[in-house]
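Okay, so the sequence shown: first residue is 0 according to numbering that gives the first Met the number 0, each after it adds one. For each residue, glycine too, the CB sits at the ideal point set by N, CA and C.
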Amino acid sequence: MKNDLIGRARQGDLDAWEVLIREIYPQASKQAFSLLRDKDLVQDAVQNTMLKVFNNLSGLKDEVAFSGWWRRILTNEVYLLLRFSSRVMPGITPELLNTGELPVEEAVALKLEMRQEIKRLPLEQQQILLDIDLRGLNLQEAAEEYNLPLGTVKSRLFRARARLQETLKQYRKKPKERVDMTLESSDIKDRIYDYLEGTMEAAARKAFEQELSQNPSWQKEMKKQKDFLTFLHSLTGKITLSVAEIKDKVQAVIEKTEDYEEIVDATFFEQGKPTTMTSHIWFKKPDCYRTEGDSGATGPITVIMKDGVMLTWLADKRQVRKLILSQEYRERGNFNFPDSLKAMAENKSSRILGTEYLQGRPVLHVQFSEQVLGLGEMNTHHWMDKETWMPMRTEYYNVKGELVNRREVRELRLNQGLADSLFELDLPEGVTIEEENSQVFYLPQDITLTEAAERLHQAPYVLASQNYKIKHQWVEVEEGKGALLSMYYVLGEQNPLLIVTQGPVPHTNMPPNASRSPAEFEFNCRKATGGLIEIELAGVKYMLDWQDNAYYYTCGGQLEKDELLKIPGKLMQADAGPRR
């Protein structure tokens, strides 16, 4: 039915086109918003995309490819807006727009002219140019994405760049060069082109480099092409850094940073409604850490980590909790942005979206995308300060393009010479630390159900459903003993819907202001009793805890109370059949 609709629209049937637009417009808006996060820019991108689709639909050869075709056009329209938008953003001064080669006013004018020139290109050339010179794909990746021969991609890119080179000539104040007639124009230029784009095989590349070293005219042509591409990419904002290279830069800055202070807003969105917790954080090498915050679940809270000990001061309860930090936690838990970047990129594709500005700071915008089978793409956006390479903002979107989590740094200061006394806990008179109740705090470790069964000495209880993405972790509570933590994610969502824990030792850490009420439910085919706790934390509404045969269990998350009380009855042991 849809292919028939596309076919009629290709033939100029306006009624079919109108139906088609009504179907894809909402999808396009969601996709654009997940990238732009600005309703006005989204409207511009989607309307421009629909116009290009309408004007070029007759040239689409394969109706089955329609969805991927219009989505690529939309993606590149988004990139065009991101790179060349003339919109004034807070904190941007004209100097920040300087390309380095031109005066500021000319650079701004040229960017606007470049955008118009790109829009005037034939669609087939425009899309290849945007993919390679803005998005950062290489020639082979573009050929695979469009299912085209490599030579066709190279030809389209060459023609598009030639058009832009004419536009750039009036701005690049270079002396006119005499044409070197010793250049065998097409062959040598093609080889230079292949060399710069990285499409030469290793043997051919080595041979070309040897010839190049012996031919000054080739070297001159090579420099001219490289200069053009450098200038072009300074305008388009193409960045050739990989995520791995960014990680190395982060690590280099960390090695030079002795301390930092930041104020962070962590916001959780439930059905579009935000809940924000603000934290004030200090860190000093090698392992001193302090954070202060406030929430409905805990009240005012101060956490200090130093010398392998974590103290948590709960002001409303006038209570101090002490944990001993494991060696692994001490090595990995502090100031470890490279590892957090690595975790963010795990099992995801990544792309650099360019330089933007937050609170007057130039930041590098990186997008991580995870394909969810049958549902689409789930995106995480990450902005890093380009001077310090510290994370300034992270946004998590579900597969529908809805923002679900945001972490944003409002203030950042480095190398202030923070005093050691800042990492001491000043307690009110009469409050003492209960040393005998101290536990060791370990980092969670990913684990399989088979491994968990060996540690638990019984088959773990799990939810039998194919509709969840499940992550299992082992949390050591005391030496040789711990608990299995299982997180259940609805496909296409960033936050777990449900968390289930189980183990032979108590492992809960309830908020101090939580009230526990008795609850009855079914577990393991029989009646059970436990406690229901209402939690005022982002992403967790209620928690249920109970005991059975000397094992401790909890479940909690975003479920309402009645739904949560049904969960224990749905749990079954991993090696057992379904229970009735």
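Asked: Simplified DSSP assignment, three categories, for Lys305; Found: strand
Asked: Element boundaries [beta strand (DSSP E), containing Tyr259]; Found: Asp258 to Glu269
Asked: For Asp12, three-class secondary structure by DSSP; Found: coil
Asked: Meets three-Cβ-pair contact criterion under 8 Å: the stretch 387-398 and the stretch 252-267; Found: yes
Asked: Span separating the alpha-carbon of Asp315 from that of Arg525; Found: 39 Å
Asked: Segment contact, 8 Å Cβ cut-off, at least three pairs: the stretch 405-415 with the stretch 25-40; Found: no
Asked: Closest by C-alpha distance to Gly58, when choosing among Ala203, Ile5 and Met383; Found: Ile5
Asked: Sequence-distant residues of its chain with Cβ nearer than 8 Å to Tyr488 (five each side left out); Found: Tyr467, Lys468, Ile469, Lys470, Asn494, Pro495 and Leu496
Asked: Coarse secondary structure for Ile566, derived from DSSP in three states; Found: helix
Asked: Classification of Lys560 by the beta-carbon crowding that lies within 10 angstroms, buried from 16 upward; Found: exposed
Asked: Helix, strand or coil at Ser68 according to DSSP, with G and I counted as helix; Found: Contrary to the premise, residue 68 reads as Trp rather than Ser in this sequence. Trp68: helix per DSSP, three-state reduction.
Asked: Backbone secondary structure at Ile498 - three-state DSSP; Found: strand
Asked: Leu543 - partner residues in DSSP beta bridges; Found: Leu531 and Cys554
Asked: Buried versus exposed call for Arg155 [16 or more other C-beta atoms within 10 Å across all chains shown]; Found: buried
Asked: Leu50 - DSSP class collapsed to helix/strand/coil; Found: helix
Asked: Proximity below 7 Å, CB of Thr290 to CB of Val308; Found: no
Asked: Opening and closing residue of the beta strand (DSSP E) in which Ile280 lies; Found: Lys272 to Lys283
Asked: Distance, Gly67 Cα to Thr74 Cα; Found: 10 Å
Asked: Backbone CA spacing between Glu62 and Ala141 [nearest angstrom]; Found: 20 Å
Asked: As assigned by DSSP and simplified to three states, the class of Met180; Found: Its pLDDT being 39, under 50, Met180 is placed unreliably in this model, and the value from its coordinates should be taken loosely. In the structure shown, Met180 sits in coil (DSSP, three-state: anything other than H, G, I, E or B).
Asked: Cβ shell of Val398 (< 6 Å), same chain only, five flanking positions each side left out; Found: Val371, Leu374, Gly375, Met377 and Gly491
Asked: Enclosing alpha helix (DSSP H) for Thr393 [first to last residue]; Found: Segment Pro390 to Tyr396 is the beta strand (DSSP E) holding Thr393; no alpha helix (DSSP H) there.
Asked: Exposure of Asp384, with buried meaning 16 or more beta-carbon neighbours within 10 Å; Found: buried
Asked: Same chain, Cβ closer than 7 Å to Val77, neighbours up to 5 away in sequence not counted; Found: Ala31, Leu34, Leu35 and Ala44
Asked: Among Gly479, Gln501, Tyr288 and Glu144, nearest to Leu424 - alpha-carbon criterion; Found: Tyr288
Asked: Three-state class that DSSP yields for Val489 in the structure shown; Found: strand
Asked: Nearest candidate by alpha-carbon position, reference Gly429, set Glu477, Arg317, Arg114 and Asp3; Found: Arg317
Asked: Per DSSP, the bridge partner or partners of Met571; Found: Val461
Asked: Proximity to Ile187 [Cα-Cα], best of Val18, Pro299 and Trp217; Found: Trp217
Asked: Between the CA atoms of Glu477 and Thr379 - distance to the nearest angstrom; Found: 35 Å
Asked: Terminal residues of the beta strand (DSSP E) in which Gln318 lies; Found: Gln318 to Leu324
Asked: Identity of the residues DSSP links to Ala518 by a beta bridge; Found: Gly529
Asked: Within 7 Å, strictly: CB atoms of Gly481 and Gly502; Found: yes
Asked: Cβ-based neighbour list, Trp16, same chain, cut-off 6 Å, excluding 5 preceding and 5 following; Found: Ala8
Asked: Gly581 classed as buried or exposed, judged by whether at least 16 other C-beta atoms fall within 10 angstroms; Found: Coverage of the chain is limited to positions 0 through 579, which leaves residue 581 absent and any answer about it impossible.
Asked: DSSP three-state assignment for Glu423, whether helix, strand or coil; Found: coil
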